[in-house]
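Peer 1: Input: one structure, supplied below.
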Amino acid sequence: MTADTLDYLEDAVAEGGGLRCMNISAIYTPDDPATVADALAHRLSRLPVLHPTDQNAVLPGVSIAEASAIDTMIRRYGPSVRDHSAPLYDDRTIEQVGPDSAVLRPRVLSVSTPTHPLIGTEHRFPFVVLAPWPAEAPVRVRMRLLRDTLVAVLLDNDEDLSRAALSDTSIRKVVIGPTAPWWTSPSLPHEGLLTQFLFDGKTLLTRPGAA
0 MTADTLDYLE
10 DAVAEGGGLR
20 CMNISAIYTP
30 DDPATVADAL
40 AHRLSRLPVL
50 HPTDQNAVLP
60 GVSIAEASAI
70 DTMIRRYGPS
80 VRDHSAPLYD
90 DRTIEQVGPD
100 SAVLRPRVLS
110 VSTPTHPLIG
120 TEHRFPFVVL
130 APWPAEAPVR
140 VRMRLLRDTL
150 VAVLLDNDED
160 LSRAALSDTS
170 IRKVVIGPTA
180 PWWTSPSLPH
190 EGLLTQFLFD
200 GKTLLTRPGA
210 A
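Below, the structure is given as structure tokens:
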């Protein structure tokens, strides 16, 4: 995986503190998921831990109780999930930044199967799960992994998969190439648009300004 692709993934996971509804929470890769996860975890580990009111803060704050509950939820999968971030923090995945405020540090995990139940989990901080992508499988098999998602980002040049994703009504937005998943314009389908009540809208992005 190239440095440019890692740059894109880093931004897609962590932009806005991971609070955007279209931040990436799962990455399927034909490369070794653990290797890519290691590289991404090192990049995200550099994000500063600051009180959320600090003007330089980039990570959201939560109560200590909420942070503990989220951390427990992530750890409950045990050995079926590899945590690539926790060792970089000496396992201090939660940092207290106030009397009852905490910051969850970015979490990059990997799994060995593309159907692991953790895939699809979203949290309100930079959180992502990497899984193997069955690149040689038929399009219909790969599409099962992409269905029922708000946004699917396709970084390869697979035209058959792109067409299938665009035709699938369970995917609300398809991004082809390294365009920010949340990029939009008034002319593109979005929640609350009148045509949403009349048609099945689908957004396709190939680059900023083109759809």
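The sequence shown begins at 0 in numbering that gives the first Met the number 0 and counts up by one. Note that beta-carbon positions come from the ideal geometry of N, C-alpha and C, so glycine has one too.
1. Looking at the strands, I want to know which residues DSSP matches up with Tyr-27.
2. Measuring only the C-alpha atoms, how far is Asp-70 from Pro-32?
3. With H, G and I counted as helix, E and B as strand and the rest as coil, what does DSSP make of Val-35?
4. Take Ile-170 as the anchor and find which of Glu-135, Thr-112, Ile-118, Ser-161 has the nearest alpha-carbon.
5. From the DSSP output, in three-state form, read off Arg-42 for me.
6. Go through the segment 90-163 residue by residue and report every complete run of the alpha helix (DSSP H) that reaches 4 residues or more, in order.
7. Taking all protein chains shown into account, do 16 or more other C-beta atoms lie within 10 angstroms of the C-beta of Ala-25, making it buried, or fewer, making it exposed?
8. Cβ atoms of Phe-126 and Arg-287: under 8 Å apart, would you say?
9. Counting along the chain, where does the alpha helix (DSSP H) carrying Ser-67 start and finish?
Peer 2: Judging by the given coordinates:
1. Ala-130
2. 22 Å
3. helix
4. Ser-161
5. helix
6. 138-145
7. buried
8. Given that the chain is displayed from residue 0 to residue 210, the structure contains no residue 287 and the question cannot be resolved.
9. 63-74
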